[in-house]
Amino acid sequence: MNAEYDEFYANNLYSNFGEIATNIKGLMEYFQEKHKNQSKIESIGDMK
């Protein structure tokens, strides 16, 4: 792992376990919401 290449690692390098868990939860919610929005694409027009 290298903080230069991994933004999540760099942001949480000196965080405690509770802060890291909270940040992971937020990241998972972000990706789940992003995936949910992408699954509603039914046509090329929806991609714009």
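Just so we're aligned, residue 1 is where the sequence shown starts under our numbering, counting upward by one.
We put the beta carbon where it would ideally sit given N, CA and C, even for glycine.
Shortest alpha-carbon distance to E7 belongs to which of N23, N16, F17?
The shortest Cα separation from E7 among N23, N16, F17 belongs to N23.
Boundaries of the alpha helix (DSSP H) in which M28 is found, first to last residue:
First-last of the alpha helix (DSSP H) with M28: 17 to 38.
Assigned secondary structure, A10 (DSSP; H/G/I helix, E/B strand, else coil):
Helix, per DSSP.
Distance check for L13 and Y5, CA to CA, integer angstroms please.
Distance between the alpha carbons of Y5 and L13: 13 Å.
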